[in-house]
Every structure is written in structure tokens, then in C-alpha cells.
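Same order as they appear, the protein sequences are chains A, B, C, D, E and F. Residues 37 to 317 in our numbering are what the first sequence lists, from first letter to last. Residues 37 to 317 in our numbering are what the second sequence lists, from first letter to last. Residues 37 to 317 in our numbering are what the third sequence lists, from first letter to last. Residues 76 to 341 in our numbering are what the fourth sequence lists, from first letter to last. Residues 76 to 341 in our numbering are what the fifth sequence lists, from first letter to last. Residues 76 to 341 in our numbering are what the sixth sequence lists, from first letter to last. Think of the CB as a built atom: it goes at the ideal place given N, C-alpha and C, for glycine as much as any other residue. Predicted, not measured: the structure shown is a model, and the values here were computed from it. Have a look at the structure below before the remarks.
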Amino acid sequence: MTWKMVSKVEDVKSDKKDGKKKSLFTNHEISMLGIRSNLVQASFSYERMHAPGWTWAQLPFWEKIYKDDKQGLKDVMTDNMEFINSSPPLYPILMGLLLTMEEDHVDRTTIKGLKNALFGPMAGIGDAIFWFTIMPIAGGIAASIAKNGNVLGPLLFFAVYVFLFWSRIPLAHLGYNLGTRAIDVIEDNSKIISHVASILGLTVIGGLIASYVKMSLTINIGAGNGAINLQKQLLDKIFPNILPFAFVFLLYWLLRKKVNPIWLIVLTFVLAIVMSALGWM
Amino acid sequence: MTWKMVSKVEDVKSDKKDGKKKSLFTNHEISMLGIRSNLVQASFSYERMHAPGWTWAQLPFWEKIYKDDKQGLKDVMTDNMEFINSSPPLYPILMGLLLTMEEDHVDRTTIKGLKNALFGPMAGIGDAIFWFTIMPIAGGIAASIAKNGNVLGPLLFFAVYVFLFWSRIPLAHLGYNLGTRAIDVIEDNSKIISHVASILGLTVIGGLIASYVKMSLTINIGAGNGAINLQKQLLDKIFPNILPFAFVFLLYWLLRKKVNPIWLIVLTFVLAIVMSALGWM
Amino acid sequence: MTWKMVSKVEDVKSDKKDGKKKSLFTNHEISMLGIRSNLVQASFSYERMHAPGWTWAQLPFWEKIYKDDKQGLKDVMTDNMEFINSSPPLYPILMGLLLTMEEDHVDRTTIKGLKNALFGPMAGIGDAIFWFTIMPIAGGIAASIAKNGNVLGPLLFFAVYVFLFWSRIPLAHLGYNLGTRAIDVIEDNSKIISHVASILGLTVIGGLIASYVKMSLTINIGAGNGAINLQKQLLDKIFPNILPFAFVFLLYWLLRKKVNPIWLIVLTFVLAIVMSALGWM
Amino acid sequence: MTITLTQGILIAVWAMIAGLDCWLQAFYIFRPIIVCTITGLILGDLQLGVIAGGLTELAFAGLTPAGGTQPPNTVLCGIMTVVIAASNNTAPTTAIGLSLPFAMLMQYILLFYYSSFSLFMSKFDKYAEEGDAKSFKRLNYIPLIIVVLSFGIVAFLSAYAAQAPMHQLVTSMPQWLTHGFELAGGILPAVGFAMLLKVMLKPQYFPYLLIGFVVASMIPFSNVLPVALIGVVFAMIEYYRSRSDAKTEAKLKELETKGDDMEDGI
Amino acid sequence: MTITLTQGILIAVWAMIAGLDCWLQAFYIFRPIIVCTITGLILGDLQLGVIAGGLTELAFAGLTPAGGTQPPNTVLCGIMTVVIAASNNTAPTTAIGLSLPFAMLMQYILLFYYSSFSLFMSKFDKYAEEGDAKSFKRLNYIPLIIVVLSFGIVAFLSAYAAQAPMHQLVTSMPQWLTHGFELAGGILPAVGFAMLLKVMLKPQYFPYLLIGFVVASMIPFSNVLPVALIGVVFAMIEYYRSRSDAKTEAKLKELETKGDDMEDGI
Amino acid sequence: MTITLTQGILIAVWAMIAGLDCWLQAFYIFRPIIVCTITGLILGDLQLGVIAGGLTELAFAGLTPAGGTQPPNTVLCGIMTVVIAASNNTAPTTAIGLSLPFAMLMQYILLFYYSSFSLFMSKFDKYAEEGDAKSFKRLNYIPLIIVVLSFGIVAFLSAYAAQAPMHQLVTSMPQWLTHGFELAGGILPAVGFAMLLKVMLKPQYFPYLLIGFVVASMIPFSNVLPVALIGVVFAMIEYYRSRSDAKTEAKLKELETKGDDMEDGI
Ligand SMILES: OC[C@H]1O[C@H](O)[C@@H](O)[C@@H](O)[C@@H]1O
Ligand SMILES: OC[C@H]1O[C@H](O)[C@@H](O)[C@@H](O)[C@@H]1O
Ligand SMILES: OC[C@H]1O[C@H](O)[C@@H](O)[C@@H](O)[C@@H]1O
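Here's what the structure looks like:
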């Protein structure tokens, strides 16, 4: 974010702090904003990612703001058709925040700059929290119950996500009410938070590799009494889950060599079937 | 601590470093100071906490210092009747330290300032070490032996505290011998040490919650083969001890809402009895 | 390292970066340097430690460099007869690095200063990695297999060290190819790396004490039903491996009191035999 | 058992609902644990659906669409795992492997849409420039409808129309192949984790990956919550430390600028 | 069994000794593990005393008087747990719950003293101003005597005088109530820990609370020493780090003042 | 069984090979796990050699020559453990203790060489000054030969020549003494670790020692790799932190010098 832009935001902020804002939108409308934030991926394409859905979700609100200002509506729509990608569950906050700014007719470039500065980091943070932490934990617990045929498993999983769906409503209110003050929070902390979210995410991925990737050899070396089972008496003694760890890093290395992920899946199947045919796994 | 006071202490320190002090008190007397430090809570009241006991414990020593100086005795007694509260097992060091200062007739305000600056932090440090670390560990080990009816449990516990009682003697000597040099140590480190003691204390409390608070549901959900035990097949799969943790935080939240602790005990009993009556625990 | 020396090294470095060096030595010769690095301890004595072996190992290479410069050969040999001690498995890098410098006829004092500055820290780093981490891990795994009479144990151990032996070859190439740039890496990081290696080393030693020192009392206290086994019902309840930990620190304390290590071995045997005779262990 | 036409249609409807959710990521009913359960319900074997759901959920752990990637599709995989298991009496673990081709078919269709939906962008841009809100909104329905219909059609064809050859394939499969598919299901999450690592792993985060791995390996627990909590511990400690570091740095920078200003001033 | 008068008097004497220690916090013989053991000895059932001591000690973990607070009194609780268990053949776990009202009675008496002993302060102040050491010393004995006597009286009444109604109460208690008291004893430490947290928990210390909790939950051990050692590890690492941070900060501050001085100088 | 002359000679040869490796630290075939195995092979009981190798390796853990120290010699200990166990039917655990005197004999011989080989240094210096590469190289062979021959002779005498008295000693040993030697073998690693600590332990590293100890005690595993990995975690975290600290410090220093320069300048 350039210095100039920040100083503009500062102006806005000081404007804002002065008095209670006379809000254009009802509580119910802000709640609807939270729910409409689910539309961002509607017309997903690699070219613009969330842009059309993002615009669609907010369109009714802009129509209200720019009721008598056709050019304003054109501008805001055009501006928001730029490439956007971030973590869907965090959009309600962002939408709420940007809505106050639109409502206050903050300078267009300021809004744009802000959007570009915030969305990238928030994608990383959101993914670490939602995809790589909440989902495997909820999924893992639910799956461990479901595996025994108990329907509480899927119900529990569903409950978690109904809660997350619902949480979009208060988050939208939060973004809208904090307004530009939310920027302070996000701005000051986004570097730190994405650092911290990476720590959390990678710790969890480390745990997931150990828990979810299942590889175990059935080969014996030697015969008779002194025979040892390669898995139990050698590999497991070196370190349990050493094969899954090694295999993940093999795949990682292939990915960094620009191998297409689909080949990794093929490799996995070929390996599994060959090992099965040889009786090694 | 103000800058002025510190600089005064500095003077004292440099005086001290020059030569071996010709001590007014015998070894035996200093040992007695350590033992008398047990009196600090004798006349405990919320108004002054340890003040009268603290004064009482040291009175014989001041009488010796101010043998021919009635006013001196009056001053020191009056000064020490100010509110004081710190961790009892650490008093011997403090008493030893202040005794050298009295002996050297250090300026009264310097002594007072020092006392005020040192006692607060030392309460936190001492509590973290003695109440929240040593006691649960000694108690936990001793209790685990005693539960089987072995008298070694209480004996072990007693031995630990006889040792701590005895340790007041060397601590008094330490305080007395280090003299104002002890201030350096405490001063430089007190912020860090209380930070560090909090880390230790809270780690232990976390462990205690898991080990000592016992809550376990006996409810089953569903019937027949697919029935699951709420505790063993759901809660324990999410995280063991999740109920104790949640309950402690419920109580914590109530305390922060200024609920009187006695109500927490009542709540605990009501909950326990209701759960028992319902057959849920 | 003095400022002056560093600046000289800087000169060398900038010289070096300009063009691809026309190397005096073939690939095979550099590989031989790696293998010859095994000779450093040939004439080990407390007076010079690795000096004569170090010189011997590199002598053929210096003969090539100083083919027509008898004085040069004399100088390099004399210089290298100074006391040297470092971690043998890291020598290939150092030798490779110094060889480029000799080849470029870098100022003698620069080379000497560098050697003195690098060797100490590298001893600590190397020992932490090779003696205190790789060896106990390889040894521990191999031993746990061998204990059951499976010959895979020693084979595995041997394989690890054949690999380490072989690794001297690429390390020599690395040192030779990086040349003075290797100094940057080592110089900037040596303080940090030795700090970090200490962390690793001491963590492992802590683990080794718990895993490898075996002490366990067989004493019972009390009789009949309430009787408790001192080891299982007291010591193990306080903390498992508390005796090994205490004993190691007793020995550590004796060593710091300048007791000769041989007495520690004697003490260990006397203790073991007395405990055995008393039936306490 | 064979899948009846009604069941086939119900499955198609369910695929459209779950597929819409998969596209929008709203309720996460596109995850295998839900998809399998409902499919089981449709096929009249809830129990099987739930069990297959648990197993498939684990196999698809880590295979997330984060960053706009597309893993094998969970909706198709979930449906076909239950369908194959139910109609051929195969163990769900093996059925997971057999359902993967269908999941990958759907994955490729979605990837094709991710690329080709760019075609709509010029239209969107035009409406935006004109401030034509109504047309803009309407246009958004087209990709949605395309996606939803695709899910329905692919699911119907896979589950209902292809069942005969599928049955033949499955019953004629030798034991080693069946077992191979089972193994593949267990190894599959590795692919997802490797993809995550490619995005997230910088050298300074390696220790955290390692501690997570070590803790989970040493303390086997039924889910990764303990590991996540340890991650939270490290993250929070680092958070407070980073904040104080940031303050120090800010002060340093201030001093530097001040110093420079003064130099300039002199 | 019934408590004889001699036993009642012995218990009162023991309550006075332990009560004095409870007030001064010298030998920690006021903790349940000791109080129960000695009470068991007095009642002729050492074994019961020791067992009850172990259980009561655990129930009172965390209920400390740190910061001048007063938890339910351990001396009364310890005595009454053993008395109730011995005289009614109740399990010690249930007896803990039943002894709590007595412990709370004593708690409130002590809290009353904490407030009312303020009355002595003006006297103390006067003697101090007059430098009257002798009277000052003597005055300290009065609160001590009040406290000690209170312990003796309350213990005697509770253990000896109230035993008949107590017995009736206990024997007529339904099973669910007995079990309820038992449960309460197990949950009770939560109160103490919540009180500690109120004093000690700042956001930046939360990760340490969490790691302690996770480690103790995952690695069940007979005491919290392993957890405490892990606390020591984190504390020591943080100690050395804080020291180096403090140095950096000191240098920064120095530079800042220097800078300011120079600015002023210019 | 008795050791035949051929076996005695083979052992001597093996002692020379392993001894050379012990002196140079090249292939680590001087460690007990290898020495015992080969000795077992020579004595015709590979199984015994391998087992004894495992046990002796553990007993000698931590007894390293790091820093130029000399622990009891692993080559002699390895050979004699197997020889004693094989020829007296002693359990390998006891044989370890009995082999220690031989290991210490060799240790002292090597220590003597460490001191006395200083005598060669003036010769080396002379050849270096003269640039006499050939003589310099040749001179290096002398210490090597001395060391190698010593190993051969000591091993031959211990294993072959001393076997009769050895046998008598072992068979007449009372049970408590045998058991004592066994215990000693288990405690022995403590010596090595104490020596390491003397070199490596600074106060700020104590927490890491502690965490290693606690983790290994709580999570018993067949080797220290998990502990080492946790060490790697802490080391890496500290590495990145130290690097950023070093940067801050460098900046601070820069500012200080700048400040000083300016002060001088004014
Ligand atoms: O990575 C950010 C973001 O990228 C895409 O938009 C989708 O895959 C989302 O699920 C993801 O959260
Ligand atoms: O908190 C400091 C201090 O406060 C009071 O004086 C008592 O409760 C002590 O036990 C405690 O140590
Ligand atoms: O400590 C450095 C170094 O010292 C000596 O040279 C030998 O003991 C080596 O094995 C060791 O690595």
C-alpha cells in the first residue's frame, strides 16, 4: 500500500470517528449481505475468479447507494469486476467494511487500493483456518464416529458448517460497524496474522500427514526365527509414519518440478496396485 | 521506582562494596530472623494485611539497632505499619535485605520506596512458585500414594514442607549477606521473573485442570448396536477433559462478571446433584 | 577475526566472482582430497592434535601447486603444522575451501587467520551433529534390532557410516567449488549455527539420559498389603528416570570439581556392585 | 442390487444440490461424509452410506480446492463409492478407489468450466460499464445452471446408466487389484498434502510441520485437534513475539529516518 | 462408631494446632493430606485417614488462599471428612462433599476476622508511634488466640456435638444425593482454578495454559511434574529471550535519548 | 569353549583393522556393534556377536572421544565382551562389565600415545621447514604402525593368552558380583553423558536438555529420533529467530556508530 493511499484512508478514518454514522442500511439488509456473500463463486473463472459473483452479491446495496447516480453505479460495478480472490468465509467482513466506504463515498482509488492490499493476505489466513484446520478437525472427528455406522458423524459435521454459514451474518455486521477502523486491525496485523496462520496451518498439516496417509509394508526380511518384519521391526523402529512422510515429500518434490497433480494421483494408484500385486503392502 | 530513589540506592551500594561489613548480628540471630518470618500473618486483616506481623517479626532486631535511639525505633515501627502483602516464603530474603539497610541507617524514604517497589512483584512470583507449582506437585504425588492407604504419602508431603520451613534460614542469611546487592538482582529481573513465573504457573494450572477436575457424562445416544456413549465416543474423541476445561472457563467467565466465588461452589454442588439425580454423570 | 583480515578476504572474494576459475585440479583429484581427509588423526598428539595428519592429507595437492616454488611449499607446510582441531567429517569442506585459496595464492596470514577463526566453531557444530546426534540415533536403532540377534542391526549401522564416508567426496567438491564464498556462509552463520547445534545436541543428550542410563531400585518400604515398591510406587510416580537424571548430574558436578573421569567409572562400578550386594538394585 | 430409475433420478437431483454447494462452497454438504450419507439414504442403506462417508472423508482429507485448484470431485466420488459398494457388495474401502475415475471426470469438467467461463467476462464487463444491474444479475445464473446440470447428468449416467458394465468390471476384478484400489484410497491424502505444502511451505515453517508430524505420530489420537492446539500454542507465542518485534523494528526505523533527516539537515 | 468425648477433645486440640498453621502458613500441616491422617489416627483408623487425605487433597487442589482470599477451610474439611466417613461408614469421596458445609462455615469465620481485625490497627499504630515494642508484641497474640480458639470450638462442635443429627442426615440420604456429593468433590477443584485464572490469566499467557492442558490430557501421569517441567522449559527459554530483548530495548532507549539530546543541542 | 590359536590370531588381525579405524575415525567399524559382530563371526557364533553388539553399543552410548578425550576403548571392550561371553557361557550383559578393565587398559595406552607422540613433532616441523614432503609423509606411518600393532598385541594377549585365568575368575564369581557388573553396564552411559554436559551445558541450554529428557521419559520409543526431531524443531525456530535478532542488532550497531560519528563530527 502506498503512503499516499494510507494517508487518504487516515482522513476517512478521522472523519468517521467523529460521530455515530447515520446508516443507510437496516440491520436486516446487512444480514442479507452476509448471506449473499455466498454468491462470490457463482461465475468463477480463472480470468477473474470471484469478481462477477462478488459484484453480484453486492449489487443490490450499490443500487440503493447510487440510486440517483447512474455514473456512480457504473463506476462501482466496473471497478469490482477486477480480478479478486480471497477466502470465501471472510468475505462478509470485507463486504461490510467496503460497504461503509461506498456509503461514505470514499475516493474510488482508495477503495481499490485497499481491496488489493487486503485480499491476498486474507486468502492465506482464511485458507489456513477454514480449509486446513477446521475442515480436517471437523471431518476427522465426524469420520471417526461415522466409520462405526453412527449417523451422529455426518450430523455433527453438518452442524459445524451450518454454524459457519450462520456466522457470516454477524461477520457482515462486524465489518459494517467497525467500518474503516477494521482496516487498522487488518492492516497492522495482516503480516503477523498470515505468519501466525501459516504456523498453525503447517502444524496441522504435519499432524494430518501422520494421521491420514496410510502406508505400511508387509515384507519380511530373513526367514525363520530371526526373520524381521520390515515395517514393524525396522521402519516403525526408526520412526512411525516414516513412509507417509517420505511419500508426501516425494510428491512435493515432483510438484516443484512442475509435474501436473493428476500424474501424482496416477502415480499413487500405480504404486498401490503394483505393491498389492507384489504382496508388499 | 523513581530515578531519584534508584540513585540513592546506588550510593548505598557503592558504599557497601568497599569493605567487609562489620555485622551487628550474629549468625544465630539471622537464623532466628528466618524463623520469625513465619509470623507475618499473625494479625492479618484486609486493611494492612501483613503489616503488624511483619513488624512484630522484625521488632527484636530493630530494638537492637535502635537501642539508644528511641525516635529511630518509632520511625521504623511506624513506617512498617503500612500495608504490606507479599509471598510469605520469600519474606526471609526481603527481611534480611532490609535489615542490612536499617543497620546502615539508609535513608527512610529509600527503604520505603524499595519495599513498595519489590513487594508486589514478589507476591506474584512467590505465589506462582509456592502455591501453584510446588503445592500441587507435592500434593499430587503424596495424594497418589496416600490413596492406596500408604502413610508414606502424608510423610512425604510433610517432609517437603519441613524442608521449605527450614529453607527460610539460609534465605534470611542470603538476604542479609547480599544486602543491597540483592536489589540489583531483584530489580533487574523482577519484571522478567514475574513474566516467567506466570508462564510456569499457567502451564501448571493447565495441567491441573486436566488432572484434577473430574467430569464425565454417562449418557448414551441412540440405542442398540449403533448406540454411542456421549462421553467415550463423542466428547473423548473430540478432546479428553473437554468438559473440565469448559467448566473452568464458565466459572472464570462468571468470576469476571463479578459473581461471588461462593456462588460458584453452590453452582458446582447443584450441578453435581442434578446430574446425579438425572443419571447423567 | 580482525577487521583488516576480513577486508582482505573481501578482496579475494571480489576477485573470484569475476570469472569462472581455471581449475588446477581434476574432479578425480578433488574426490581424492575428500578421501584423504580421513588421515587427519594419523599422528594425533595433544601438542598439535590434527596438524601433522592435516598436512599429510593435503601435501600432494600443495606439491602440485608449488611445483616450481620450493619456498612456497616450505611455507605452506610450516604454516599448517600449527595446532589444529576440528570435527573430522567437516574437514573435506575446509580443505576444499583452503585449496582454492592456496591455488589463488591468497596471502598467507589471511589463510591462517581464517583457519583459526573457523576451526573452533566447526568442532562444536560437527560434534553436536556427528557424535551426539547421528551416532546415538544410528546406534540406538541398530542396537535395538541387534539385541534380538538380527544381523540387520550391524549392517544398518555400517551402511550409515559408509554413506558418511562417501559423503566426504561431495563435501570436498562443495568446499572447492564454493571457494571463498563458503566463508560468507560459515562466517555469517557460525555463531548462530553453533548456538543452534547446542540446542539440538542438548535436546538429544536429555533424551539419551532417559533412554540409555538404566537405574532402578528393588527396595520395598513397609510390609504386607500396604508395602510399596520404592521404585514403582514412589520414584516412578515422582518422575520416571529420576535416578538416572540425578546420577548424571552427580557425575557432572564431580567433573566440575575437577574429578578425573576415570574415578567416575570406578564410582559407577563400586555403586553397582554395592547395590547388587545389598540387593537394592 | 440394481439401481432403479427412481433412485437414479433421485441421485441426479441430489448431485445437483450437492454440486451447487460444491461450486459455491456454502454449506459443505459437498463433502463425502454428507454426500455418502444421503446417497445411502436414497439407496435404502443409510448405515452403508454413513460408513462409506467416514472412510471417504478421510481419503479426501487435504484434497481441497484452496487457491482455485480442483481436486477430484467429492460429490461424484461420494455418490459412486456408495453406489458401487451397494450394487456390487464391494467393501467401501475398495469402492473409493473405483469411484475415483468418476471423481476425476467431474474434476476435469469443472476445470474446463474454470477456463471457459472466461468467455462470459466480456459480457459482465459490458453490463458493468452500462450499469445494467438487472442483466448482470441474470447473467450470473447461466454458469450456475450449466454447472448444476452437469452434475446431474454426470451423476445420472454414472450411477444409473453405467451400472451394468460397472458391475461386470467389479466382479471380474482380481483380488490384488481390489486390494490395490483399497491401498490407493489410504495413500491418496498424500497428494492433497503435497499440494498444500507447495503453496504453504517456506523453510521457516518447516519446524512446525515437523512438530505436528512428530506429535501426531507419537500420540495417536482420533483426530488432529491436539496437534491443532499445539499449533495454536506456537502460533500465539509467535504472535505476541512478532508484535513486540514489530514495535522494536518500528522504533529502529524511526530512529534511522530521524538520523537521516539530521544528516541531511547538517 | 461414635466419637467419644476424649476423641472430641483430641480433635479440638488438633484443630487448634492445624488452625494456627493454617493462619500462619508455616508447616502446611493445615492441608487435607495431613489433617485427615492425624484425624484418622485420633479415631483409631489411620488407614482411613490416609486414604481420605489423598482424596481430599486432590479435591482441594487449586483452592489456595493466594492473594489473601479464603477458600473453604481445609482443616475443617479434613477433620469432618474423616469423622463423617468413620462414624457413618460413608465412602470418603462422598464424605468430602458432606464436610464442605463445615469447611465453608470456618471459611466465613476467617473472612469475618480478615475484616474485623482491622479494629486492632489503630492500637498497633499507636504502639508503633510510641515505640512501645512490648505492647506491640503482646497485641499480636490476641488475634492469634481468637483464631486458634475458634478452630478448636468449631471443630469440637462439628465433630462431637453434631454427630447425632449428622448421622441421621447421612443415613437417610438417597443414593443419588450421595453420588451427587461425590461428583461435586471431583468437580470442586474447578472453582479454585477459575479463581487462579482470574488473577493470573492475561491473553499472552493463554498458550501456556493450553500447552499444560494438552500435555496433561494426552500424557496422563500420576502428578503434574512433567507438565511443570515443560513449563520450566518454556519459562527458561523465555527468560533468556526476554533478557536479550531487554538489552536491545535498553540500547534503543539510549539511542533515542541521545538523538533527542542532539536535536536539542542543535 | 576355548579360543584356538587361529582364532586368537584372527582376533588380533581384526583388532588391528578396527584399531586403525578407531584411531582415524573413518568407517566407525570400531564401535561395539560392529566389533562384537565380527568377533562373534570369528568365534563361530554370529548370533552371540550380534546380540552382544547391540547391548554393548547401548552401554557405550555417549562415551565419545569428542574434543580429543579418550573413553574406555570400544574395540577391546567389544572383542572381550564376546570372548568372555563365548568362552565362559556368561550372559553378555555381565560380560560387558568384565571386559571393561581391558577397555580401560587400551584407553590408557592410547592416552599415553596422545602425550608421547608429541616427540615426533620436532621431526615433522623440521621436514616442513625443509619442504621435504617425502619424509613428512613417511613419518606419518610410524605412529600409525605403533597404534595398530598395540591393538593387535593387546587383543591377542587378552583374548588368547589370558583366557585360563579369566575363566577361573569368571566361574568363581559370586552371583551378586556378576549382577553388579551387569548393573554397571547399564549405568555406564551416565559417565559419557556427564562428560558431554561438562563441555556443552551452559545455563541457557538447560531447558533443551530438560525437554529432551521429559519427552523421552514420557514417550518411550525405541530410539531417540523423536527427541532429536523435537530438538530440530526448537533449533530451527531459534535459527530463524537468531537471524532476525542478528539483523536488528546489526542495525542497532550501525545506528550507534553513526551516532558516534555525528557526535564526533559536531
Ligand atoms: O485460496 C483462496 C480461495 O481460492 C479460491 O477462491 C477457492 O478455492 C477458495 O476456496 C479459496 O479459499
Ligand atoms: O498473594 C500473596 C499472598 O497473599 C496473602 O498474603 C496470602 O494469601 C499469601 O499466602 C499469598 O502468598
Ligand atoms: O571435538 C572436536 C574433535 O576433537 C578431536 O579431534 C576428536 O575427538 C574428534 O573426534 C572431535 O570431533
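Own chain residues within Cβ distance below 8 Å of residue i, not counting five before or after
i: residue 221 of chain F; result: 188
Same chain only: Cβ atoms within 6 Å of residue i, ignoring 5 sequence neighbours per side
i: residue 43 of chain A; result: Confidence in residue 43 of chain A is poor, its pLDDT being 41 and thus under 50, which makes the residue's placement unreliable; the coordinate value appears in the next sentence. No residues qualify anywhere along the chain.
i: residue 132 of chain B; result: 208, 211 and 212
i: residue 261 of chain D; result: none
i: residue 178 of chain E; result: 147, 148, 151 and 152
i: residue 69 of chain A; result: 131 and 208
i: residue 89 of chain E; result: 113
Strand pairing of residue i, partner residues [DSSP]
i: residue 256 of chain C; result: C:265
i: residue 120 of chain A; result: A:85
Pairwise C-alpha distance: residue j and residue i
i: residue 270 of chain B; j: residue 104 of chain D; result: 21 Å
i: residue 142 of chain F; j: residue 192 of chain F; result: 17 Å
i: residue 310 of chain C; j: residue 266 of chain C; result: 18 Å
i: residue 176 of chain D; j: residue 148 of chain D; result: 10 Å
i: residue 201 of chain C; j: residue 318 of chain E; result: 42 Å
i: residue 300 of chain F; j: residue 182 of chain B; result: 37 Å
i: residue 205 of chain C; j: residue 153 of chain C; result: 24 Å
i: residue 82 of chain A; j: residue 198 of chain D; result: 16 Å
i: residue 74 of chain A; j: residue 253 of chain B; result: 38 Å
i: residue 212 of chain D; j: residue 306 of chain F; result: 57 Å
i: residue 237 of chain C; j: residue 168 of chain C; result: 6 Å
Environment of residue i [buried if 16+ CB atoms lie within 10 Å]
i: residue 107 of chain B; result: exposed
i: residue 164 of chain D; result: exposed
i: residue 204 of chain E; result: exposed
i: residue 151 of chain A; result: buried
i: residue 118 of chain C; result: exposed
Residues of its chain near residue i, where Cβ-Cβ distance is below 7 Å and the 5 sequence neighbours each way are ignored
i: residue 108 of chain D; result: 128, 129 and 132
i: residue 328 of chain F; result: none
i: residue 76 of chain A; result: 86, 89, 90, 93, 124 and 127
i: residue 342 of chain D; result: Examination of residue 342 of chain D is not possible in this model, given that chain D is present from 76 through 341 alone.
i: residue 139 of chain A; result: 60 and 101
Practice item. Count the C-beta pairs between the segment 275-284 of chain A and the segment 283-297 of chain D that are closer than 8 Å, then say yes if the count reaches three, no if not. Key: The segment 275-284 of chain A, when compared against the segment 283-297 of chain D, does touch it at the 8 Å Cβ threshold.
Exercise for review: May I ask you to verify whether the segment 231-250 of chain A touches the segment 308-318 of chain D, counting CB pairs closer than 8 Å and requiring at least 3?
Suggested key: With a cut-off of 8 Å, the segment 308-318 of chain D and the segment 231-250 of chain A count as touching, because enough Cβ pairs lie within range.
Point to revise | Stretch pair the segment 161-173 of chain B + the segment 244-259 of chain C: three plus CB contacts closer than 8 Å | key: Result no; under three Cβ-Cβ pairs closer than 8 Å.
Exercise for review: Give a yes or no on contact between the segment 111-129 of chain D and the segment 147-161 of chain D, applying the rule of three or more CB pairs nearer than 8 Å.
Suggested key: These segments touch.
Check your understanding: For the segment 293-312 of chain A against the segment 230-247 of chain D, are there 3 or more C-beta pairs whose distance is under 8 Å?
Key -> Contact check between the segment 293-312 of chain A and the segment 230-247 of chain D: fewer than three CB pairs, one atom from each, fall below 8 Å, which does not count as touching.
Exercise for review: Evaluate the contact criterion for the segment 271-281 of chain E versus the segment 283-290 of chain B: three or more CB pairs, one atom per stretch, below 8 Å.
Suggested key: Between the segment 271-281 of chain E and the segment 283-290 of chain B there are three or more inter-stretch CB-CB distances shorter than 8 Å, so the stretches are counted as touching.
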